[in-house]
Each structure stands twice: as C-alpha cells, then as structure tokens.
Amino acid sequence: MSGLSQPVILVVDDDIDVQATMAHTFSGARLSGVTASSTATAMPVCQQQERGIDALVTDLSLPGEAAGQLARVLSAAYPSTKIVYASGIPRHIALSSGLVRSDAPYVEKPVDPRHAGQPPHKPASAVRTAARQLVTGDWVACG
1 MSGLSQPVIL VVDDDIDVQA TMAHTFSGAR LSGVTASSTA TAMPVCQQQE RGIDALVTDL
61 SLPGEAAGQL ARVLSAAYPS TKIVYASGIP RHIALSSGLV RSDAPYVEKP VDPRHAGQPP
121 HKPASAVRTA ARQLVTGDWV ACG
C-alpha cells in the first residue's frame, strides 16, 4: 500500500443501498470504496484495480451463491486481501455453522445510511472501522 494512495476497499452486496452507504462511509475515512454485487462482478473489479484490493467487505449470503463463496474465491486469487463480513446472519449462527472463523471481522447488518457518521457501534461505521484496522494492521479479533 503506497503512502500517497488511499487503501481500496471492495464492497460486495446485492443491495445497492448498502453498496452506496459503504462507499460513502469509506470516503469519509480516507479509504477508496469500489462496489460489486456478486462474485462474477467482483473479480473484474479486482482486476481493474492497479494496486489491488486492500480489503473486501462482503455479505455472506449473496443470491445464487454458496454462503461465503466470494471470500473463498477472492482469498485464493488475492491472498493478501483482508476480509470483513457484513451480514444479516447473526454472528453466533455464522460461527456455529462454520461460515466464518472466530477471528474473522464481522459486522451484523442492517446498514442504515442515517448511521454512516455515527459512533462505531452502528453497522456502517463499524465496517469502516474494521476495514481501516485491517488495512493498517491494527485489527484485534474479538468474540
């Protein structure tokens, strides 16, 4: 990651309002947000980024895809990309069903555009904080 360029965060969600909220939230945190709606549309977005994707913020349940498929595909192609899960699936269910590891950054949705500038307990801001911490190496896994 260059000192002059902003970290690039790829937001993948089938809800365009979530995409827009996250992209807006990241711009306020000096992060560059790019968006896609599926694994099929995310991979070309990754390839278009000259310096790569620093972090992926993805929904666990994208329509027509196996839970967590995008994270697995992107991790295989870009192993240094950090992943933040933002999902409507409660964390304890995602953990108990093996969808995510216990140390995976995870934020429960819904993401409400009215909360984008609020303290980190709000989902949009929490995702922004998690992405920033992952990119800077300050992430501390919890729960």
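All residue numbers for the sequence shown refer to the UniProt record's numbering, where the first residue is 1 and numbers rise by one. Note that beta-carbon positions come from the ideal geometry of N, C-alpha and C, so glycine has one too. Everything numeric in this text was worked out from a predicted model, so none of it was measured.
Non-local beta-carbon contacts of K109 in its own chain, meaning distances under 8 Å to residues more than five positions away in sequence, involve V18, D59, A86, S87, G88, P123 in chain order. Under the three-state reduction of DSSP output, A66 falls in the coil class, being neither helix nor strand. Measuring C-alpha to C-alpha distances from L10 to each of V34, T25, I16 identifies V34 as the nearest.
A contact between stretches requires three or more CB pairs, one per stretch, nearer than 8 Å, and the region 73-84 fails this requirement with the region 21-37. Using a Cβ distance threshold of 7 Å, Q48 and V8 do not count as a contacting pair. It is roughly 15 Å from the alpha-carbon of Q6 to the alpha-carbon of C46. Counted as a single uninterrupted DSSP element, the beta strand (DSSP E) harbouring V34 occupies residues 32-36.
Around the beta carbon of A94, a 10 Å sphere encloses 16 or more other beta carbons of the protein chains shown; the residue is thus reported as buried. Per the coordinates, the alpha-carbon of G68 lies some 19 Å from the alpha-carbon of M22. C-alpha of G98 to C-alpha of A104: approximately 11 Å in a straight line. For A23, the enclosing alpha helix (DSSP H) starts and ends at 16-27.
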